[in-house]
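J.: Residue numbers (the working numbering): 8 to 325.
Before I ask anything, let me first share the structure, which is written out below as structure tokens.
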């Protein structure tokens with residue numbers, strides 16, 4: 008299968024806006040390429056220890072890429088919507104060039120090349136590794152999570168995902184019911200079950216994420232009955248809201264963009280039991296207060312916020 012790769016030439020400070028726009032158009036799997044250096048604290052002995060290329064000085068530019076099948080019927084319509092959205096965005100935000108370049112690639116190229124950059128790592132007592140690596144003997148006493156994201160987002164290495172995992176380790180209790188909004192590869196659902204959750208429900212707007220989540224359940228020897236995964240947008244999809252239910256969950260996680268969390272806050276709050284915790288992440292630093300205000304407006308109380316790099320987690324209680 009052949010794919011068209013479309014690359015938006017923009018700025019690092021516009022990345023979240025552009026990604027939010029793409030997400031609204033149903034494009035949830037993207038590549039972001041910029042020259043922002045990894046902080047020394049994260050490079051030494053951390054996630055990025057093995058990935059320290061010599062990069063030129065950061066010039067503020069960013070390239071955000073997404074893929075559409077070469078013969079996809081509505082590809083031209085989607086691309087036109089992206090162009091129009093970029094034009095609209097340029098009237099109220101600095102997005103840099105805002106141009107789009109195109110190249111053709113084989114499926115194997117983009118499905119597999121990223122594997123060179125995904126290696127095992129640990130967060131607390133959880134050891135996360137790709138399915139193609141062996142479990143190190145010196146990690147045998149840790150809780151193992153194996154992941155093969157496939158075409159879905161979520162290896163666990165991103166700062167926003169790590170922030171959520173740390174909060175799950177802190178707040179999740181044995182027997183909890185968990186909702187995972189924007190489940191991606193299912194990694195947070197799997198971590199929740201490994202930490203003692205009784206059952207998880209996951210949602211995502213990308214159908215591939217549903218299959219990927221169930222596949223990763225199998226990899227981790229978790230029965231499918233432990234999780235239910237649904238396609239849809241919790242913001243305005245009433246059928247999905249009915250499937251998810253009201254006041255059902257002890258812990259809700261939403262590792263998605265700030266511009267999606269904000270309008271989704273009422274639906275997230277409605278799904279929570281009294282006293283339940285909402286763990287949000289995927290929030291760029293300058294959006295933190297907006298998200299906190301939205302959660303408070305939805306009737307929640309902010310318990311704490313945490314930072315890793317430029318990303319923020321906000322945990323709230325009902």
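Quick reminder that beta carbons are idealized off the backbone N, C-alpha and C, glycines included.
On a predicted model such as this, the values are computed, not experimentally measured, just so you know.
1) Within the stretch 137-212, note down every full beta strand (DSSP E) run reaching 3 residues or more, in order along the chain.
2) The alpha helix (DSSP H) with residue 303 in it runs from where to where?
3) Which residues does DSSP list as the beta-bridge partners of residue 75?
4) Relative to the alpha-carbon of residue 315, which residue among 154, 11 and 170 has its alpha-carbon at the smallest distance?
5) Excluding the 5 residues flanking residue 221 on each side, which residues of the same chain have their C-beta closer than 7 Å to its C-beta?
6) Ignore the nearest five residues each way along the sequence and tell me which others in residue 186's own chain have a CB closer than 6 Å to its CB.
7) Could you tell me the distance, in whole angstroms, from the CA atom of residue 60 to the CA atom of residue 270?
8) Closest to residue 224 by CA distance: which of 245, 131, 148 and 191 is it?
9) With DSSP run on the structure shown, which of helix, strand or coil describes residue 37?
10) DSSP three-state call for residue 257: helix, strand or coil?
11) Judging by CA-CA distance, which residue of 201, 64, 29 and 206 is the nearest neighbour of residue 228?
12) With a CB to CB cut of under 6 Å and the five nearest residues on each side skipped, what residues in its chain are close to residue 294?
13) On the criterion of 16 or more Cβ atoms from any shown chain inside 10 Å, does residue 28 qualify as buried, or is it exposed?
14) Taking just the CA atoms, how far does residue 205 sit from residue 104?
15) Using a Cβ-Cβ cut-off of 6 Å (strictly less than) and excluding sequence neighbours within five positions of residue 138, which residues of its own chain qualify?
16) Measuring alpha carbon to alpha carbon, tell me which residue in 247, 83 and 127 is nearest residue 143.
17) Please state the DSSP three-state secondary structure of residue 285.
18) Give the straight-line distance between the Cα atoms of residue 174 and residue 322, rounded to the nearest whole angstrom.
19) Residue 109 by DSSP, collapsed to three states: which one?
20) Between residue 217 and residue 73, what straight-line distance do the alpha-carbon atoms span, to the nearest angstrom?
21) Around the C-beta of residue 296, are 16 or more other C-beta atoms found within 10 angstroms, so that it is buried, or is it exposed?
22) With a CB to CB cut of under 8 Å and the five nearest residues on each side skipped, what residues in its chain are close to residue 23?
23) In this structure, does DSSP put residue 320 in helix, strand or coil?
24) Does the separation of the CB atoms of residue 21 and residue 101 fall below 8 Å?
25) Only counting the same chain, and skipping five residues up and downstream in sequence, which positions put a Cβ closer than 6 Å to that of residue 289?
26) In chain order, what residues of the same chain have a beta carbon less than 6 Å from the beta carbon of residue 107, not counting five sequence neighbours either side?
27) So, for residue 242: in the same chain, excluding its five sequence neighbours on each side, which residues have a beta-carbon less than 8 Å away from its beta-carbon?
28) Residues in its own chain within less than 7 Å of residue 86 by CB, not counting five upstream and five downstream?
29) Can you check DSSP and say which residues form a bridge with residue 279?
30) Going by DSSP, name the residue or residues bridged to residue 262.
31) For residue 276 and residue 301, I'd like the C-alpha separation in whole angstroms.
32) If you compare alpha carbons, which of 195, 189 and 82 is closest to residue 130?
T.: Short version:
1) Taking only runs of at least 3 residues, the beta strand (DSSP E) segments lying wholly in the stretch 137-212 are 150-154, 184-188 and 206-211.
2) Looking at the DSSP string, the run of the alpha helix (DSSP H) that includes residue 303 is 295-304.
3) DSSP lists 11 as the bridge partner or partners of residue 75.
4) Comparing Cα positions, the closest option is 170.
5) Closer than 7 Å at Cβ, skipping near neighbours: 231 and 236.
6) For residue 186, where only same-chain residues beyond five positions count, the Cβ hits under 6 Å are 208, 256, 259 and 278.
7) With a pLDDT of only 46 at residue 60, under the threshold of 50, the placement of this residue in the model should not be trusted, and no figure is reported.
8) Looking at the Cα atoms, 191 is the closest of the given residues.
9) It is coil, neither helix nor strand.
10) Three-state result, residue 257: strand.
11) Nearest of 201, 64, 29 and 206 to residue 228, Cα basis: 201.
12) These residues qualify, in order along the chain: 265.
13) By the Cβ-count criterion, residue 28 is buried, with 16 or more other Cβ atoms from all chains shown falling within 10 Å of its own Cβ.
14) C-alpha of residue 104 to C-alpha of residue 205: approximately 48 Å in a straight line.
15) Hits under 6 Å: 153, 155 and 226.
16) Minimum Cα distance to residue 143 is reached at 127.
17) Annotated three-state conformation of residue 285 is strand, per DSSP.
18) Using only the alpha carbons, I get a separation of about 8 Å.
19) Residue state, collapsed to three classes: strand.
20) Their backbone Cα atoms lie some 19 Å apart in a straight line.
21) Residue 296 should be labelled exposed.
22) Cβ neighbours of residue 23 within its own chain (closer than 8 Å, five residues either side excluded): 264, 265, 266, 291 and 294.
23) Strand, per DSSP.
24) Yes, the Cβ-Cβ distance between residue 21 and residue 101 is below 8 Å.
25) For residue 289, where only same-chain residues beyond five positions count, the Cβ hits under 6 Å are 167, 262, 263 and 264.
26) Sequence-distant partners of residue 107 (beyond 5 residues in either direction) whose C-beta falls short of 6 Å from its own C-beta, in its chain, are 13 and 15.
27) Around residue 242: 267, 270, 271 and 274.
28) Once the five neighbours on either side are set aside, the close Cβ partners of residue 86 are 13.
29) Partner(s): 256.
30) DSSP, once it has assigned bridges, lists 288 as partnering residue 262.
31) So the alpha carbons of these two residues sit roughly 11 Å apart.
32) Nearest C-alpha to residue 130 among 195, 189 and 82: 195.
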